[in-house]
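Heads up: the structure comes next, in structure tokens.
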Amino acid sequence: MASPSTTVPAHDLAPEDLASVSHQTSVYVYEAPVRIWHWVNAAAIMVLCVSGYFIGSPPPSMQIGEAVQQFVFGYIRFAHFAAGMILTFGFLGRIYWAFFGNHHARQLFYVPFWRVEYWREVLFEVRWYLFLAKEPKKYVGHNPLAQLAMFFFFTLGVSFMIVTGLALYAEGAQEGSLTADLFGWVHGLIWNSQRLHTLHHLGMWWIVIFMMIHIYVAIREDIMSRQSIVSTMISGTRTFKDDRPD
Amino acid sequence: MSQIETFYEVMRRQGITRRSFMKYCSLTASALGLGPAFVPKIAHAMETKPRTPVIWVHGLECTCCSESFIRSAHPLAKDVVLSMISLDYDDTLMAAAGHQAEAALEDTIEKYRGNYILAVEGNPPLNEDGMFCIVGGKPFVEQLRHAAEGAKAIISWGACASYGCVQAASPNPTRATPVHKVITDKPIIKVPGCPPIAEVMTGVITYMLTFDRLPELDRQGRPAMFYGQRIHDKCYRRPHFDAGQFVEAWDDENARKGYCLYKMGCKGPTTYNACSTVRWNEGTSFPIQSGHGCIGCSEDGFWDQGSFYNRLTNINQFGVEANADKVGLTAAGVVGGAVAVHAAISALKRAQKKTQEKVEG
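Here the protein sequences come in this chain order: A and B. UniProt numbering applies: residue 1 is where the first sequence begins, and numbers increase by one. UniProt numbering applies: residue 1 is where the second sequence begins, and numbers increase by one.
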């Protein structure tokens, strides 16, 4: 530990704190579009999961008025479709930002499976999560295991949900609509709309499981790793808790 | 081919007046959604074209397609179309039987090679070399291949021919196979349903006979004019669906009020057919109108999409019956449990490390 300095002015500032602030730096990782997208996307997913669950298992019948005066299930479906569209266009915007943002914005969309070093690091992270490694490594962006999980759970999962979701939406929009022209081919693959509904429904649980792991790991790493996690998605900066390299 | 009668001649021979004939033409035009300009065209085609022979073969099936077909609401359409096709070969409807019937089939195939339409009701089972369905002493699949060879086009009647239906439902012991998976080199039009609506059947066949081409087909090869929309899109109970007013049990007040059958497992939102517009038995009713949900009989593999009385399909791949929610909740529960255990161990490890650091401190 750094030796106590005699020039500490603030009474609440411990000497070792001062020593560390003078060394430890933060890195700007997530640019504003990425952060805004993350939270909009998270809100959209919450709405989609709840409304989607209700579309599969509707709430009890309500007798507010005659059918013409009541639009309960219609609003649930509207919420689902609106949130779905926000998610879709948000995702497209996110893909755009992968090209024009910094290199961290690209991590979500690929897995460098051709690099041996990458897999070695994945293995290390697995060891860390199995409590076999004593100390985690420092990463500016996602750690390799997180990148892998993000890609398979989130990027592929959400892509699947967008494509199947728009294909289901095309059924209501009907033949000749833009969505039917763009996504009707999914029905040509699956052949039974009921089957497609089931796949889309399973996809929701895929995303729910992703959410559970994602939130748990983000909080755990925020506490136990050597860098900031949760606040990074708010401020955009990654701060480190120590000065040791790697 | 000049010796073959025209449609008009066949109709007149049946005692149909010119006036009735014109009525039939307008009815056909409107049924096919073609507009008044097409009435004289249909009439002209009927008057001048030699009629197209149709061979109607039966594989593994229950004859419900034929039963539906002969109940076509417009008697004229029925008489005309039926007389036009039964003249050639339909082992259920034709007068001839046995060797005579088989001879008639051979005769038509030879005489009209490349010009006849093959209508298939049912499907061929392929296991045990097709021995599960024998027609005239031979496996049906052989008759099908033989008859398809010289056909101009093939109509797959009903869910059996189109998708396989109940005999192809899991585990499909006879390996009943839809027609389009056996005959791959001919244009095939699917008219699914168990059975298809009579007017849809006569409409399709009239279109093909009149215009000498297939109607516009969708991605699955179904005529778009009848299978372009879901039951749900034109259901008269749809306002109750949007309002969130559902039948909760078969005998409840909501059922009496005619609320939406979605919660009772109605497959209307996932079924493409014309039931909610054309309806059945001269437009009398259709399943939802009589208080029972749609079972989705015109959809691929509808027997394997879980219960008729549940919106969520059972997924049997998991060994036990489970729907998407059960599978999802179980998986989420397992992951949640794992997360909790992992979090507990993490906390312990962290506490241990801290104590150690203090000791070493």
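The C-beta atom is built at its ideal place from N, Cα and C for all residues, glycine as well. Note that the structure is a prediction, hence the values are computed from the model and not measured.
May I ask you to list the residues that DSSP assigns as paired with residue i?
i: Gln227/A; result: Phe240/A
i: Thr6/B; result: Pro50/B
i: Ile90/B; result: For the record, residue 90/B in the displayed sequence is Asp; it is not Ile. The partner list for Asp90/B (beta bridge, DSSP) reads Trp56/B.
i: Ser156/B; result: Val120/B, Lys190/B
i: Ile134/B; result: Pro139/B
Taking the C-alpha atoms as reference points, what is the distance between residue i and residue j?
i: Val335/B; j: Ala324/B; result: 16 Å
i: Gly188/A; j: Glu248/B; result: 34 Å
i: Asp243/A; j: Val208/A; result: 36 Å
i: Leu199/A; j: Ser68/B; result: 34 Å
i: Ile117/B; j: Trp37/A; result: 57 Å
i: Leu55/A; j: Val47/A; result: The sequence shown places Ile at residue 55/A, not Leu. Spanning the two alpha carbons is a distance of roughly 12 Å.
i: Thr155/A; j: Gly165/A; result: 15 Å
i: Ser3/A; j: Glu16/A; result: Note on Ser3/A: pLDDT 41, under 50, position unreliable in the model; the coordinate value appears next. Each residue's alpha carbon lies about 8 Å from the other.
i: Met11/B; j: Ala45/B; result: 13 Å
i: Ala331/B; j: Pro269/B; result: 28 Å
i: Leu132/A; j: Phe124/A; result: 9 Å
i: Gly333/B; j: Phe132/B; result: 46 Å
i: Ser346/B; j: Trp128/A; result: 10 Å
i: Ala255/B; j: His146/B; result: 51 Å
i: Val27/A; j: Arg238/A; result: 5 Å
i: Leu60/B; j: Leu202/A; result: 35 Å
i: Pro245/A; j: Phe109/A; result: 27 Å
i: Leu182/A; j: Phe91/A; result: 17 Å
i: Glu149/B; j: Ser170/B; result: 30 Å
i: Ala173/A; j: Gln70/A; result: 22 Å
i: Ala98/A; j: Ala105/A; result: 5 Å
i: Arg220/A; j: Leu130/A; result: 13 Å
For residue i, count neighbouring Cβ atoms within 10 angstroms of its own Cβ and tell me buried if that reaches 16, exposed if not.
i: Glu117/A; result: exposed
i: Ser72/B; result: buried
i: Glu128/B; result: exposed
i: Pro58/A; result: buried
i: Ile215/A; result: exposed
i: Ala32/A; result: exposed
i: residue 443/B; result: Here chain B comprises residues numbered 1 to 361, so residue 443/B is not present and cannot be evaluated.
i: Ser298/B; result: buried
i: Thr232/A; result: buried
i: Ile134/B; result: exposed
i: Phe7/B; result: buried
i: Ser51/A; result: buried
i: Gly73/A; result: This sequence places Phe at residue 73/A; Gly is not what is there. Buried is the call here.
i: Gly84/A; result: buried
i: Met150/A; result: buried
i: Val359/B; result: exposed
i: Lys353/B; result: exposed
Spell out whether any CB of chain C is found under 7 Å from the CB atom of residue i.
i: Asn254/B; result: The structure shown contains no chain C; its protein chains are A and B.
Problem - Contact list for the region 213 to 234 of chain A against chain B, Cβ threshold 7 Å - result: Ile213, Tyr216, Arg220, Met224
Practice task
May I ask you to list, following chain order, the residues of the region 2 to 32 of chain B that have a beta carbon less than 7 Å from some beta carbon of chain A?
Solution key: none
Practice task
Check distances from the C-beta atoms of the region 66 to 83 of chain A to those of chain B and list, in chain order, the residues that come in under 7 Å.
Solution key: Ala67, Val68, Gln70, Phe71, Val72, Phe73, Gly74
Problem - Within 7 Å of chain B by C-beta, residues of the region 192 to 203 of chain A in sequence order - result: Asn192, Ser193, Gln194, Arg195, His197, Thr198, His201, Leu202
Problem - Near-chain A residues of the region 219 to 242 of chain B - C-beta to any C-beta below 8 Å - result: Arg219, Gln220, Ala224, Gly228, Gln229, Arg230, Asp233, Pro239, His240, Phe241, Asp242
Problem - the region 108 to 122 of chain A contacting the region 166 to 183 of chain A, beta-carbon criterion three pairs below 8 Å - result: no
Exercise for the section: Report the residues of the region 124 to 151 of chain A with a CB closer than 7 Å to any CB of chain B, ordered along the chain. Expected result: Phe131
Handout entry: Members of the region 255 to 269 of chain B near chain A, C-beta cut-off 9 Å
Key = Tyr259, Cys260, Tyr262, Lys263, Lys267, Pro269
Practice task
Say whether the region 192 to 211 of chain B touches the region 18 to 33 of chain B, bearing in mind that this needs 3 or more beta-carbon pairs closer than 8 Å, one atom from each stretch.
Solution key: yes
Practice task
May I ask you to verify whether the region 145 to 156 of chain B touches the region 187 to 194 of chain B, counting CB pairs closer than 8 Å and requiring at least 3?
Solution key: yes
Handout entry: contact_flag[the region 89 to 98 of chain B, the region 207 to 226 of chain B] where n(CB pairs < 8 Å) is 3 or more
Key = no
Problem - Contact residues within the region 155 to 175 of chain A, judged by C-beta distance below 7 Å to chain B - result: Glu171, Gln174, Glu175
Problem - chain A contacts made by the region 334 to 346 of chain B, where a contact means CB separation under 8 Å - result: Val335, Gly336, Val339, His342, Ala343, Ile345, Ser346
Problem - Interfacial residues, the region 164 to 192 of chain B to chain A, with Cβ spacing under 8 Å - result: none
Practice task
Please determine if the region 171 to 178 of chain B and the region 303 to 312 of chain B are in contact, where contact requires at least 3 C-beta pairs separated by less than 8 Å.
Solution key: no
Exercise for the section: Spell out a yes or no on whether the region 257 to 272 of chain B and the region 282 to 298 of chain B are touching, meaning 3 or more CB-CB pairs, one atom from each, closer than 8 Å. Expected result: yes
Practice task
Could you please tell me which residues of the region 125 to 147 of chain B, in chain order, have their CB closer than 8 Å to any CB of chain A?
Solution key: none
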